[in-house]
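In the working numbering, the protein residues as written are -4 to 623.
Ideal Cβ placement from N, Cα and C applies to all residues, glycine included.
Bear in mind the structure is a predicted one, so any value in this text is a computation, not a measurement.
Below: the structure, in structure tokens.
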Amino acid sequence: MSGEVAPLLGRARALAAQGRWGDAEAAFREALARRPDDAPAHVGLGLALRRQRRADEAEAAFRRAVALAPRSASAHAELGGALFEQARYADAAAAFTEAARLRPDFVKAHVSLGLALARQAAWAAAETALREALRLKPGDRTARANLGTVLRRQRRPAEAEAIHRDAARRDPAARVELAVALYEQGRYAEAAVTFRETLSERPRDAKARLGWGLALERQGRLVEAIAAYREAVRLRPDAAHLHQRLGLALRRCHRYAEAVTAFREATRRAPRDARSHHHLAVALERHGRYDEAAAAFRAAIRLRPGHVPSYVGLAVTLRRQGRWAEEAATYAEALRLEPDDADLLTGRGLALGAAGDYAAAAEAFRRALGLRPDDGDLHYELGVALGRQGRHADAETALREAVRLRPESLKARANFALGLGRQGKHAEAEAAYREALGLRPRHPVLHRGLGVSLYWQGRHDEAERAFHQAIQLRPAYVRAHCDLGEMFVERQRWAEAEAAYRAAVRIKPASVTAQAGLAGALLALGRADEAEAACREALRLDGDEARAHFVLWDALEAQGRFRELGEAARAVLGRRPDHADAHARLGRALDEEGRWDEARAAYETAVRLNPGVTRFREGLARVSAKLK
């Protein structure tokens, strides 16, 4: 029987030597079918299986070999290799330890043990194993390179450098590891020189080309670094990490279109690599390609659902698109991963506020403040959210705290003053605006706010000066022009009101407030036709502008155009059938047209809807008298 098996084993080993692993496997299996207790044949079969990336089957073959020959160091070492390939590093380390115990001078076992221990971050034990390998074989490149890595991981870069310098003296090819050691010490210029020396001897070394690029990039030499990365990509076009590194450098230079191309290639080469999808998404977002960016962020999240920065990136992208509800939902997903992250809570609060859900926004800001109670910006955002709900007293408390924590914050001071005004605390609002102006005396918004607070205190001359100051600082300040116009109307300074509103209209023709205010001033000046034109423009911009409807009715009545008055009243009733004033105006128009029955019905409706208005009852009485 043994005579029959020996040729089979010889043939199997010959096939393995030729790299014909499938044929070698078949030959080993044939031999083992005839002699199942041949430990070396099981080892040979295991090696053939490993070469075919079938580590689990190889493990079974090696375990059989170990069972048959428990004192075979090679069998234990090969078992360790199969376990290592399955990422079972603790089991692999145990197998390599047994191999080294059985044969203390077995260099490969010591090296492999060091690698398995390093994968478990057992740095000190890994160092011991690798040093033993080097004691046995001082020229072992794998042991020396990995010892340097282990020393660096233990934050002993100087010792790592010494190891690599010694290796480089023995073998110039080891110079690249020396360059890595220099790089990790932050000695980027020296690292660049060493990488460059390596490339002068080995120009097709993609690892050295990448390292050279990294060292150049750290020195701010981005253009040269990009050239190095491009060459590394040319040498190793299948390496996704090289495309990714090129993309990152291009993104740093704001060359987003090129970065997108590099990251897309990285995702093509490694479609399951979440990092490449994330980096692609960032580049797309920076390039303004928001739909594509959102899709890339979502791909990154699918591949790596625990990576919070991808959720944040997606949320920011959605915010840029005005998709606030989706943004808030994205932050909620991130908060399931990191429930006590104040930044995520803040982002969610801002998204909810933008979506108009101020109560939920306030709750998010309160939770964030529970984590960061001394954050003035969070108190400010809480105050704004409360103010938007009309909870001005609560908003005042939050904004007062924001000002205390960040007295230099103008937005906190301005909103604090605004909230005081909305509570009717106009003297306190004035004081708050004046304090803010002490910090920024040329801030137009603060001067306008001061003007409003003075106006509500009846100090019109001072308010007028404040509004003029705001306009002087910002001539295109439409709201200040309108405020000035409104105050002039109240004081019956019609010509000045017209001038103020016309200035606002020139700056912003689409301002409904300015067009309606101008119409009122023109009507008061007796220019009903011009007032009508301004009203119609205001209503074209916003058909629900109440002030424009009232002024239009007055302007049409002043011109005696009662048919058009009736049409204008009916236009409002088409939207608001319960509008008492519109019914009364319709009654007035019908009265003038002699359609008294219809006029009486219109006035009756007006009185029914609002019986307390005297002119409605007077109109009804007047029309009723004509019908008698």
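Judged by DSSP in its simplified three-state form, Ala64 adopts coil rather than helix or strand.
Here Thr609 is exposed: its Cβ has fewer than 16 other Cβ atoms, across all protein chains shown, within 10 Å. In this structure Arg259 does not touch Glu226 by the C-beta definition: roughly 20 Å separates them, more than the 8 Å allowed. The closest CA to that of Thr341, considering only Leu330, Phe360, Gly348, is found on Phe360.
For His159, the uninterrupted alpha helix (DSSP H) segment begins and ends at 152 to 165. Under the three-state reduction of DSSP output, Asp100 falls in the coil class, being neither helix nor strand.
For the pair Leu63 and Ala90, the Cα-to-Cα distance works out to about 15 Å. When rounded, the separation of the alpha-carbon atoms in Pro334 and Glu192 is 50 Å. Taking 8 Å as the cut-off, the Cβ atoms of Gly39 and Phe23 count as close. When C-alpha distances from Ala295 are compared across Glu321, Ala465, Ala53, Pro266, the shortest belongs to Pro266.
When the five nearest sequence neighbours on each side are left out, no beta carbon in the same chain lies closer than 6 Å to the beta carbon of Arg556. The three-state secondary structure of Tyr472, taken from DSSP, is coil.
Here Ala356 is actually not in contact with Leu366; their C-beta atoms are around 16 Å apart, not less than 8 Å. In terms of Cα proximity to Leu520, the closest of Ala550, Gly416, Pro167, Ser506 is Ala550.
Per the C-alpha coordinates, the member of Ala514, Ala584, Glu593, Glu358 positioned closest to Glu532 is Ala514. If only complete runs of 4 or more residues are kept, the region 552 to 605 shows the alpha helix (DSSP H) at 557 to 570, 575 to 587, 591 to 604, in order along the chain. Secondary structure of Glu403 (DSSP, three-state): coil. Secondary structure of Asp456 (DSSP, three-state): helix.
Cβ-Cβ distances below 7 Å link Ala70 to Ala34, Val38, Phe57, Ala60, Val61, Ala64 in the same chain, with the five nearest sequence neighbours on each side left out; the list follows chain order.
In the pairwise beta carbon analysis, the region 378 to 387 is classified as touching the region 409 to 417: at least three pairs are separated by under 8 Å. Excluding residues up to 5 positions away in sequence, Val0, Leu3, Leu4, Ala7, Asp33, Ala36 lie with their Cβ nearer than 8 Å to the Cβ of Ala26 in the same chain.
Secondary structure of Asp338 (DSSP, three-state): helix. In the structure shown, the three-state DSSP call for Pro35 is helix. Here Glu127 has His105 as same chain residues with Cβ atoms under 7 Å from its own Cβ, once five neighbours each way along the sequence are excluded.
Residue environment analysis places Glu562 among the exposed positions, since fewer than 16 neighbouring C-beta atoms fall within 10 angstroms of its C-beta. Taken atom to atom, the span from the alpha-carbon of Leu445 to that of Leu547 is near 33 Å. Rounded to the nearest whole angstrom, the C-alpha separation of Lys503 and Arg246 is 39 Å.
Assigned with DSSP and collapsed to three states, Ala168 falls in helix. A direct Cα-Cα distance of roughly 39 Å separates Lys103 from Ala257.
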